[in-house]
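Take a look at the structure set out below.
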Amino acid sequence: MATFVLVPGFWLGGWAWREVTGELRRRGHEVHPLTLTGVAERAHLAGPQVGLETHTTDITALIETEELRDVVLVGHSGGGMPVTQAADRIPDRIATVVYVDSGPLPDGTSQFDTNPPEEQQRLRALIGDGHLLPPPAWDRAEDPENLAGLDDSALALLRRRSTGQPLRAATDPVRRTGGRPVPTALVACTIPVQVARAMIAEGHPFFAGVRDAALHGLPTGHWPMLSEPKALADVLDTIARG
Numbered sequence: 103m104a105t106f107v108l109v110p111g112f113w114l115g116g117w118a119w120r121e122v123t124g125e126l127r128r129r130g131h132e133v134h135p136l137t138l139t140g141v142a143e144r145a146h147l148a149g150p151q152v153g154l155e156t157h158t159t160d161i162t163a164l165i166e167t168e169e170l171r172d173v174v175l176v177g178h179s180g181g182g183m184p185v186t187q188a189a190d191r192i193p194d195r196i197a198t199v200v201y202v203d204s205g206p207l208p209d210g211t212s213q214f215d216t217n218p219p220e221e222q223q224r225l226r227a228l229i230g231d232g233h234l235l236p237p238p239a240w241d242r243a244e245d246p247e248n249l250a251g252l253d254d255s256a257l258a259l260l261r262r263r264s265t266g267q268p269l270r271a272a273t274d275p276v277r278r279t280g281g282r283p284v285p286t287a288l289v290a291c292t293i294p295v296q297v298a299r300a301m302i303a304e305g306h307p308f309f310a311g312v313r314d315a316a317l318h319g320l321p322t323g324h325w326p327m328l329s330e331p332k333a334l335a336d337v338l339d340t341i342a343r344g
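Numbered per my numbering, the sequence shown spans residues 103 to 344.
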């Protein structure tokens with residue numbers, strides 16, 4: 103059976119993977135859901151010094167301390183950035199990197215850079231001199247595409263448990279050191295898998311790192327661990343079994 107490390111996206115902790123974790127363990131896999139520094143139960147560690155390198159170290163430290171090998175390293179959304187760097191730092195311990203509604207950004211690009219200029223300005227004004235990116239309102243009317251598939255209880259859970267995200271985790275650019283490339287897989291949720299294939303074929307820069315990736319479609323919103331946990335576990339199990 104496989105060894106999974108599950109890395110959440112912005113504002114969420116390892117708790118978001120609870121149902122997926124249970125499903126994978128029932129299939130016999132070893133699973134390590136991870137909370138990154140400054141978020142969820144580790145929110146008290148947030149500070150202006152916490153950034154992408156901190157979160158990368160969270161991942162590599164877990165893998166090395168627990169003596170994990172042949173890891174299926176899963177990153178959701180903004181978790182794809184530290185996952186990319188962690189795989190670059192310790193490629194010999196990674197079997198596959200799985201991007202869930204995410205992808206490996208080009209070197210020198212930050213998650214913040216993927217927002218249109220007007221959205222960047224809005225967020226900068228909202229944050230001011232602070233060091234945390236506040237969670238969204240989790241309002242279905244405001245964001246129907248990303249919140250598709252989430253029922254009222256899931257939205258209530260997100261409102262209760264989401265916390266501010268260390269800003270530098272979003273604004274620090276991805277930096278690779280030239281480590282050995284590892285196999286990758288992409289789980290496309292909000293973008294139909296056929297559209298993802300077309301963007302890869304067209305050479306879209308945000309898909310440059312997954313040109314040879316195994317593509318899997320899971321039509322739902324941007325938070326599949328909450329909207330479709332069993333289906334996501336099925337996809338991850340399929341990827342792990344090769």
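Glycine residues also receive a C-beta, built at the ideal position from the N, C-alpha and C atoms. Predicted model, so just to flag it, every value in this text is computed and none were measured.
Report the partner residues of F308 according to the DSSP bridge assignment.
Per DSSP, F308 has no beta-bridge partner at all.
Less than 7 Å between the beta carbons of G319 and V295, yes or no?
Result yes, Cβ atoms of G319 and V295 sit closer than 7 Å.
With respect to the beta strand (DSSP E) encompassing T105, which residues constitute its N-terminal and C-terminal limits?
T105 to V109
Buried or exposed, going by whether 16 or more other CB atoms sit within 10 Å of the CB of G125?
Before going on, a small fix: residue 125 reads as Glu here, not Gly. Around the beta carbon of E125, a 10 Å sphere encloses 16 or more other beta carbons of the protein chains shown; the residue is thus reported as buried.
Where does Q187 fall in DSSP's three states?
Three-state result, Q187: helix.
I need the straight-line Cα distance from A335 to L136, nearest angstrom please.
16 Å
Can you tell me whether Q213 is helix, strand or coil according to DSSP?
In the structure shown, Q213 adopts coil according to DSSP, grouped into three states.
Distance between E304 and A118 (C-alpha atoms, nearest Å):
34 Å
C-alpha distance - I161 paired with L235, whole-angstrom precision
21 Å
Endpoints, the beta strand (DSSP E) within which P135 is located
Where P135 is concerned, the enclosing beta strand (DSSP E) stretches over E132 to P135.
I need the straight-line Cα distance from W325 to N248, nearest angstrom please.
Cα-Cα distance, rounded: 7 Å.
Cβ-Cβ distance between Q213 and W113 below 7 Å
no
Please go through the same chain and pick out, in chain order, the residues whose beta-carbon is closer than 8 Å to the beta-carbon of L164, but skip the five residues on each side of it.
Excluding the 5 residues flanking it on each side, L164 has same chain C-beta neighbours closer than 8 Å at V107, H134, L136 and L170, in chain order.
With a 10 Å radius around its C-beta and 16 neighbouring C-beta atoms as the bar for buried, classify T223 as buried or exposed.
Inspection of the sequence shows that residue 223 is occupied by Gln rather than by Thr. Result: exposed.
If you run the structure through DSSP and keep just helix, strand and coil, what is H233?
Reduced to three states, the DSSP call for H233 is coil.
Could you tell me which whole alpha helix (DSSP H) segments of length 4 or greater appear in the stretch 117-158?
Runs of the alpha helix (DSSP H) inside the stretch 117-158: 120-128.
Comparing alpha-carbon positions, which option in T167, A189, E166 and E168 lies nearest L175?
A189
Can you tell me the Cα-Cα spacing of L138 and A271, whole angstroms?
10 Å
For R282, count neighbouring Cβ atoms within 10 angstroms of its own Cβ and tell me buried if that reaches 16, exposed if not.
exposed
Contacts around I196, its chain only, beta-carbon distance under 7 Å, and the 5 residues preceding and following it disregarded
V173, L175, A189 and V284
Take T156 and list the residues in its own chain whose beta-carbon comes closer than 7 Å to its own, dropping the five residues that flank it on each side.
T139
Out of R263, L269 and T279, point me to the one whose CA is closest to P208's CA.
Per the Cα distances, T279.
Cα-Cα separation, G111 to I302
Their backbone Cα atoms lie some 23 Å apart in a straight line.
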